[in-house]
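Below is one structure, written out as structure tokens; the observations come after it.
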Amino acid sequence: MIEIKKDKWEESYERGENFIYYPKEEVVKFLNRFVKKRKSTDEFVNLLNLNEPLKALDFGCGIGRTTILLREFCIDSYGIDISQNAIDEAIKLGKHFGYDLKQSVTVYDGNKIPFSDNFFDFTISEGVMDSMTFELAKNLILEVDRVTKKYFFLSLISSDSITFINNLEVNREFVDEIEVNSEHENGTIQSFFNIEKIEELIKNTNFKIKWCEKHIIQNIITNNNHGRYYLVLEKTNNLC
Numbered sequence: 007m008i009e010i011k012k013d014k015w016e017e018s019y020e021r022g023e024n025f026i027y028y029p030k031e032e033v034v035k036f037l038n039r040f041v042k043k044r045k046s047t048d049e050f051v052n053l054l055n056l057n058e059p060l061k062a063l064d065f066g067c068g069i070g071r072t073t074i075l076l077r078e079f080c081i082d083s084y085g086i087d088i089s090q091n092a093i094d095e096a097i098k099l100g101k102h103f104g105y106d107l108k109q110s111v112t113v114y115d116g117n118k119i120p121f122s123d124n125f126f127d128f129t130i131s132e133g134v135m136d137s138m139t140f141e142l143a144k145n146l147i148l149e150v151d152r153v154t155k156k157y158f159f160l161s162l163i164s165s166d167s168i169t170f171i172n173n174l175e176v177n178r179e180f181v182d183e184i185e186v187n188s189e190h191e192n193g194t195i196q197s198f199f200n201i202e203k204i205e206e207l208i209k210n211t212n213f214k215i216k217w218c219e220k221h222i223i224q225n226i227i228t229n230n231n232h233g234r235y236y237l238v239l240e241k242t243n244n245l246c
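Quick note: the sequence shown uses our numbering, first residue 7, plus one each step.
See the structure below:
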């Protein structure tokens, strides 16, 4: 069994880390570009041309802000996470926004997604697939492939971000993985990606890259870089 670091993520959420109360900008852009474009305050255009309501999975949902965002787009959303602490907070946050998530967010075992084949029209995973070993990510993307009909939006930390890691000197592009030794997310895994590693990640799936951007932010004071890939993967054996 591949280690999923559940205990470390429970500790991280106990410390109040990764309490994201606002939607991620790139997730909102994905929804508007590929799924449902907001036409007015109370009207959307369905870009997927699928029957309403659309179903979506927030994979690695944390405290559920993306799950809630999907509800705001009138999408039937579900969230899964390995942390019970995160799920408890997601239910509280859902209530704050007026949504009952008790039957929609759940803890899973970190190996098998607890839904049937092609249950979801699309899946979102923001900053999750890079917070585990590459071996585990390759297994879990097969699960995402299994439960997803159309699109998979994900973000992955790029090798440019290695300058943020203290006491790690490399003279090559770093696309390996490390155990985090800083206070934030201590003891968890961080896996760094380039495009070749992304292609290896999706090699055995039915996904192909439909859209991809890499964003690099440079801290002018410290000269550190932080980079992320934002990808939309599309199922090639489209069952829609």
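Idealized CB from N, CA, C, for every residue including glycine.
Point to revise | Inter-stretch contact (C-beta, 8 Å, three-pair minimum) for the stretch 228-237 and the stretch 156-163 | key: yes
Review point. To the nearest angstrom, how far is it from the Cα of E20 to the Cα of N91?
Key: 7 Å
**Study point:** Nearest-angstrom Cα separation, counted from I204 out to N173
**Key:** Residue placement at N173 cannot be trusted, given a pLDDT of 48 that sits under 50; the coordinates are not used to answer.
Point to revise | Close-in-space but distant-in-sequence residues of the same chain around S165 (CB under 8 Å, 5 per side omitted) | key: E179, F180, V181, F198, F199, N200 and G233
Review point. Among all the DSSP beta bridges, which residues are the ones paired with E219?
Key: Y236
**Study point:** Closest residue to S137 among N225, T112 and V186 (Cα-Cα distance)
**Key:** V186
Check your understanding: Tell me the DSSP bridge mates of G4?
Key -> This structure cannot speak to residue 4, because the chain is shown only from 7 to 246.
**Study point:** Short CB-CB distance (under 8 Å) between D115 and chain B
**Key:** Absent from the structure is chain B; it holds one protein chain and no more.
Check your understanding: Using the beta-carbon count (16 or more within 10 Å), is R39 buried or exposed?
Key -> exposed
Check your understanding: Can you find a heavy atom of the ligand SAH that lies under 7 Å from the Cβ of D106?
Key -> Ligands displayed in this structure: none; no statement on the ligand SAH is therefore possible.
Review point. By DSSP, does I145 sit in helix, in strand, or in coil?
Key: Note on identity: in this sequence residue 145 is Asn, with Ile being the wrong assignment. N145: helix per DSSP, three-state reduction.
Check your understanding: Using CA coordinates, which residue listed in S89, F128, F126 and H102 is at the minimum distance from G116?
Key -> S89
Exercise for review: Answer yes if the stretch 51-69 comes into contact with the stretch 118-132, meaning at least three C-beta pairs across the two stretches below 8 Å, and no otherwise.
Suggested key: yes
Check your understanding: Which residues in the same chain have their Cβ closer than 6 Å to the Cβ of I184, if we skip the five residues on either side of it in sequence?
Key -> Q196
Review point. Looking only at its own chain, which residues have a Cβ that is under 7 Å from the Cβ of K216, when we skip the five neighbours before and after it?
Key: V238, L239 and E240
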